[in-house]
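In the UniProt record's numbering, the protein residues as written are 1 to 76.
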Amino acid sequence: MPVPPPDPHLWRSWQPGERVVVRFRLPEGGFSDALGELLTIDAAGVRVDTRRGPIDVAAADIVHAKRVPPPPRSRR
Numbered sequence: 001m002p003v004p005p006p007d008p009h010l011w012r013s014w015q016p017g018e019r020v021v022v023r024f025r026l027p028e029g030g031f032s033d034a035l036g037e038l039l040t041i042d043a044a045g046v047r048v049d050t051r052r053g054p055i056d057v058a059a060a061d062i063v064h065a066k067r068v069p070p071p072p073r074s075r076r
C-alpha cells in the first residue's frame, strides 16, 4: 500500500517556541532556509528567530518545513 506524502501545511499546527527549519522561495529565484525558534504563526506565514535575527516567511513562499531538535551543546 503506498504511503501518502506528508501534509505540506503541517507547519500550521506548530506552536511558538518550537525549533524549526523552514525552506522558502526567494523573490529573485532560488531558495533559502530559516532555522531557529518559531516566534509567531498565523494564516499569513511564520516568523522565525534565526542567528541573524527574525525572518518573516509568507505562507505562499513556504516549500518545506519541519521541527528540528535543539542545537548541539558546546564542546568547550
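Backbone N, C-alpha and C fix where the C-beta goes; we use that ideal spot for every residue, glycine too.
query                                                                                                                                                 : result
So, is L38 buried or exposed, given that buried needs 16 or more other C-beta atoms within 10 angstroms?                                              : buried
Considering only the alpha carbon of each residue, which of V20, S74, A58, P70 lies closest to D42?                                                   : A58
Could I get the ranges of all uninterrupted beta strand (DSSP E) runs contained in the stretch 42-76, with 3 residues as the minimum, in chain order? : 45-50, 53-58, 62-67
Name, in chain order, the residues that DSSP records as bridge partners for V38.                                                                      : With the sequence shown as reference, residue 38 is identified as Leu, and Val is not the correct amino acid for it. L38 is bridged to V48.
Please state if the CB of F24 and the CB of D61 are separated by a distance shorter than 8 Å.                                                         : yes
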